[in-house]
Amino acid sequence: MKKEPLPDDITPDVFSQQGLWSRPGFLVRRLNQIHYAMFFEECKEGNITPVQYGILTVLSRNPWLDQTAIGYELGLDRTTSADVIKRLEEKGLVERRVNPTDKRSRQANITPEGLALMESLKDGMARSQQRLIEPLSPADRKTFMTLLAEVVEANNQHGRAALKSV
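No gaps in the numbering here: position 100 of the sequence shown is 100 in the UniProt record's numbering, and each next residue is one more.
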């Protein structure tokens with residue numbers, strides 16, 4: 001893989017001249033693919049995806065959260081979060097119920113099996129995160145995470161489902 005230097009002034013002309021490695025969107029998508037691969041390598045015995053692990057994480061901290069709020073927490077649209085939660089329910093990792101105060105919505109909660117799975121995958125998940133940023137020096141890791149969070153926060157409203165904390 002040949003890495004091309006990023007130009008100081010990113011314009012459409014530069015993108016066509018420099019190729020894919022000059023496009024932030026391409027690099028972010030590629031990094032996400034790499035992260036998924038590392039997560040699967042480290043957590044293969046769990047047979048779940050990073051998004052599913054994220055939902056379990058949210059539910060471990062917020063019992064009986066409604067599905068819309070779970071989606072907000074992870075930046076998922078309602079359809080995606082409902083589908084992923086359904087798959088987790090089929091695996092016995094979460095349970096769902098109709099919201100007792102709003103019959104139009106559903107709530108989810110992590111099961112003891114879901115908590116046990118999270119615990120068993122905790123070290124592998126941490127390794128996958130560490131491996132992703134391992135090529136960077138400790139100082140660059142901190143800078144990278146700060147800049148990444150800044151870019152996400154500044155552009156959050158443009159996502160299909162804006163990330164919101166519950």
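For glycine and all other residues, C-beta sits at the position ideal for the given N, C-alpha and C.
Quick one: give me the first and last residue of the beta strand (DSSP E) that residue i is part of.
i, result
"N109", "R106 to I110"
Grouping DSSP H, G and I as helix and E and B as strand, with all else coil, what is residue i?
i, result
"E134", "coil"
"R160", "coil"
"R66", "It is Asp, not Arg, that sits at residue 66 in the sequence shown. Of the three classes helix, strand and coil, the one that applies to D66 here is strand, per DSSP."
Can the beta-carbon of residue i be found closer than 8 Å to that of residue j?
i, j, result
"G46", "L136", "no"
"S105", "T68", "yes"
"I34", "I55", "no"
"R96", "E89", "yes"
"V51", "L65", "no"
Hey, residue i and residue j are a contact pair by Cβ (cut 8 Å); roughly how many whole angstroms apart?
i, j, result
"V94", "A108", "5 Å"
"L59", "I110", "4 Å"
"E113", "G92", "5 Å"
"G71", "A161", "6 Å"
"M145", "Y53", "M145 to Y53, Cβ: 19 Å. No contact."
Just reading off the alpha helix (DSSP H) that residue i is part of, what are its end residues?
i, result
"E42", "P24 to C43"
"L88", "R78 to E90"
"G54", "P50 to R61"
Go through its chain and collect everything with a Cβ distance to residue i's Cβ below 6 Å, but skip five positions before and after it.
i, result
"S128", "M38, F39 and E42"
Taking 8 Å as the limit between beta carbons, can you name the residues of its chain near residue i, skipping five residues before and five after?
i, result
"L132", "L31, I34, H35 and M38"
Whose C-beta lies closer than 7 Å to the C-beta of residue i among residues of the same chain, with five residues either side of it excluded?
i, result
"K44", "none"
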